[in-house]
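Sequential numbering from 13 applies to the sequence shown in the working numbering.
Quick reminder that beta carbons are idealized off the backbone N, C-alpha and C, glycines included.
The structure presented is a predicted model; accordingly, all values stated were derived computationally and were not measured.
Report on the structure given below.
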Amino acid sequence: MADCLFCGIAAGVIPSTKVYEDDQILAFRDINPQGPVHVLFIPKKHIGSALDITAENSAVIAHIFEVAAQVARDEGIAADGYRLVSNIGEYGQQSVHHLHLHMIGGRQMSWPPG
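Pasting the structure below:
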């Protein structure tokens, strides 16, 4: 999608601090971190939000979770725990309309979150 920030990052047009990349997904550090570790995971192919997951594109979501587990180990937050969040729509505070998961860790999380 031409005007999508995360599509631009996935294409390498917009710079990011990459943590992981393969042919399906990209993980990079959030520019406004909410914890000592804050990594965003995106599919390279544009999917608007979790509402747009279908049987045809759902395998990439499983792959993101597999990679997120490895990144959590690599970042040293797996043992203590972390949060994976996907914001959906206006009330969910989705600011970029490209499916993404936030991995936030390295500190104690509070509940309720928002």
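Under the DSSP assignment, residue 50 falls in the beta strand (DSSP E) whose first and last residues are 49–55. Nearest neighbour of residue 122 by Cα position, chosen from 95, 39, 54, turns out to be 95. By DSSP's assignment, residue 101 forms no beta bridge with any residue.
Counting along the chain, the unbroken beta strand (DSSP E) around residue 31 starts and ends at 30–33. In the structure shown, residue 22 adopts helical secondary structure according to DSSP, grouped into three states. In this structure, residue 106 places its C-beta atom within 9 Å of the C-beta atom of residue 61.
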